[in-house]
Amino acid sequence: MFWTRLISGIVLVLIALLTIITGGPVLLLTLYLVSIAGMYEFYGATLVVRRNKAQKKAEGKEYKAEAATSVKEPDGALNLLSMAGFVGATIYYLTLYFNRSHYMLLGLVVTFLFAMFVYVFSYPHYKAEQVTATVFGMVYLAVMLGFIYLTRSMESGKILVWLIFLSSWGADTCAYCVGRLFGKHKMAPVLSPKKSVEGGIGGVVGAVLLGVAYAAAFGQPLGAYGIICGAGALISMTGDLAASAVKRDKGIKDYGWIIPGHGGILDRFDSVIFTAPVIYFLALFVMELY
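Here the sequence shown is numbered in my numbering, starting from 19 and rising by one per residue.
Right, dumping it as structure tokens:
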């Protein structure tokens with residue numbers, strides 16, 4: 019398991035390096051495919067579509083009790099309701115590709131209207147919570163991950179975009195190391211028993227130091243990059259815990275199996291999803307001050 023996790027992690031980093039350095043359509047297409055895969059995992063977890071094999075192999079007593087719900091697991095791996103989310107995500111990424119910022123909300127509106135159309139004219143086949151999950155999943159994956167592309171497209175985006183990963187994956191690594199050494203107080207004992215307050219502090223401090231070191235290496239403002247990475251690290255913890263909350267609520271251990279040793283897209287990108295838009299807007303705001 020260790021070597022599988024290590025090798026798949028290295029491959030993941032290499033893919034991230036290749037696509038982000040290349041930028042443009044290559045990065046946008048990669049993010050689109052990652053978003054669609056993540057949306058499919060989320061739709062399975064929330065019973066918009068049939069659950070995947072990883073979601074059906076929940077183990078451990080904390081995963082056995084599923085939240086009370088009137089929704090039954092659908093038979094199909096794809097249906098009209100999930101298509102509403104996928105069509106909206108496609109439209110959203112097309113607006114990014116053609117740089118039509120005034121149409122960026124079109125994808126979200128299409129998802130909402132399409133989902134409501136399916137809900138109304140197939141009633142009572144789908145439940146209201148499935149419609150909500152459809153729209154939420156499109157925003158959660160497609161819109162939020164799209165900010166990686168928007169950050170990469172900014173002036174100095176080639177440098178700024180890596181702050182998203184420094185403040186998420188970097189902070190996670192620092193938090194893990196500090197938590198293993200000094201962790202005593204549980205941060206969220208129900209959602210993630212292994213996470214500690216000490217680890218969380220270590221993650222934020224580590225992210226700030228990584229941001230400063232990164233800025234120094236590329237001749238960028240030290241204070242600005244430190245602030246951006248520190249804030250991003252705080253938000254990344256929320257993203258991590260939010261994904262865990264959904265898993266606990268729905269009685270699953272992993273969202274998927276596409277990344278060996280890591281699980282699914284949502285298992286690996288949970289913190290990045292939250293960090294990407296925060297880094298984008300912080301970069302716009304903080305960099306104006308320098």
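Think of the CB as a built atom: it goes at the ideal place given N, C-alpha and C, for glycine as much as any other residue.
From a predicted model like this one, the values you see are computed outputs, not experimental measurements.
Our two residues, K74 and F236, have alpha carbons roughly 46 Å apart in a direct line. S289 is the residue among S289, Y61 and E306 whose C-alpha sits nearest the C-alpha of L184. For the options F303, A261, L302 and T293, the alpha carbon positioned closest to that of G56 is the one of A261. DSSP, read as helix, strand or coil, puts P295 in helix. The count of Cβ pairs closer than 8 Å, one atom from the segment 45–65 and one from the segment 282–302, reaches three, so the stretches are in contact. Closest option to L36, judged by alpha-carbon separation, among A160, R68 and K176: K176. Between the beta-carbon of L49 and that of G164 there is about 6 Å, and that keeps the pair under the 8 Å contact cut. Ranked by how close their Cα comes to the Cα of L159, the residues T293, L302, E306 and L300 have T293 in first place. Here F132 is near A102, since their CB atoms are less than 8 Å apart. Contact annotation: R170 and G257 have beta-carbon atoms that are not nearer than 8 Å. Of the candidates L51, S214 and A249, A249 places its Cα closest to the Cα of L228.
Ranked by Cα distance from V196, the first of A225, V89 and F287 is A225.
Rounded to the nearest angstrom, the gap between the Cα atoms of D190 and P142 is 43 Å. S214 sits in a strand when the DSSP states are folded into three classes.
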